[in-house]
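Comments concern the structure below.
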Amino acid sequence: MIDKNENLENEIKDDENIIVDEEIKENLEEPVNVEEEVVEESQENDNKKEEDELEMFRKTKDENKKLTNELETLKDRLLRVTAEYENYRKRTSKEKEGIYTDACIDVLKEIVPNLDNLERAVEANGSVEDMKKGVEMTLKGFQSALEKLGVEEIATSEGFDPNLHQAVMHIEDENLDNNSVAEVFMKGYKRGDKVIRHSVVKVAN
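Numbering (UniProt numbering), first residue to last: 1 to 205.
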């Protein structure tokens, strides 16, 4: 009885092994396309990479185009500004020359009549007194011309001022105040706050 049971169990085991072997065989017989899957996945990755590179190229191209347009705009603006500055420089230079010329003409209009008086005085025949009167009249004409031009004599009565006076000598004098102008060797002139010529003076210490 035991032998029969053992035989039956062995038969069952053999049947199970046969079933298992058949399943393995079926699985082995099924075609495995692992390589094809890997190739397909690689192609997909390559395609995606190409698309990404193409998109990046398009973006770069658009950015380059934008930068090129901005550069051209800046170049055009620079050329315009340069041309405007050059025109402004020429115009102001011409205006400056015109102002200087007009100023010189205004001065000469006041000075020339006094030159005429000096020429007439030289040609005139007369005494020393007559000559002196002629020179005095010419001097008054010059003073009047300077007054019209806004030029005034620099005063020395208020003492020595290094901004207005040029000291060429110093003296000790008890009768004079300290830092006062003892003598004027050459009169100075100014127009407004602008010194035309400093007064050349002797200063008492």
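In this text, a Cβ means the ideal position worked out from N, Cα and C, and glycines have one as well.
| Query | Result |
| --- | --- |
| When burial is assigned at 16 or more other CB atoms within 10 Å of the CB, is I171 buried or exposed? | exposed |
| Pick helix, strand or coil for I154, following the three-state DSSP scheme. | coil |
| With hydrogens ignored, establish whether the beta-carbon of I171 is closer than 6 Å to any heavy atom of the ligand GDP. | With respect to the ligand GDP, the structure offers nothing, as it holds no ligand at all. |
| Quick one: is L28 buried, meaning 16 or more other Cβ sit within 10 Å of its Cβ, or exposed? | At L28, the pLDDT of 49 sits below 50, so the modelled position is not reliable; the number obtained from the coordinates is stated separately. L28 should be labelled exposed. |
| In its own chain, which residues sit with a C-beta less than 8 Å from the C-beta of R191, not counting the 5 before and 5 after it? | L149, G150, V151 and E152 |
| Skipping 5 residues on each side, what residues in its chain have a beta carbon closer than 8 Å to that of S127? | none |
| Could you compute how far the alpha carbon of H198 sits from the alpha carbon of I154? | 8 Å |
| Per DSSP, Y189 is paired with what? | E153 and R197 |
| When you compare the segment 111-123 with the segment 135-142, are there three or more beta-carbon pairs, one atom per stretch, that lie closer than 8 Å? | yes |
| Rounding to the nearest angstrom, what Cα-Cα distance links V203 and I196 in this structure? | 21 Å |
| Assuming contact is defined by CB atoms lying nearer than 7 Å, are H165 and V201 in contact in what I supplied? | yes |
| For V168, count neighbouring Cβ atoms within 10 angstroms of its own Cβ and tell me buried if that reaches 16, exposed if not. | exposed |
| Out of E174, R77, T156 and E72, state which residue places its alpha-carbon closest to the alpha-carbon of F185. | T156 |
| For S180, name the three-state secondary structure that DSSP assigns. | strand |
| The alpha helix (DSSP H) with A145 in it runs from where to where? | V128 to K148 |
| Secondary structure at A204, three-state DSSP: helix, strand or coil? | strand |
| By Cβ distance, which residues of its chain are closer than 8 Å to G159, with the 5 residues on each side in sequence left out? | D177, N179, S180 and V181 |
| In angstroms, rounded to a whole number, what distance separates the CA positions of E110 and L146? | 8 Å |
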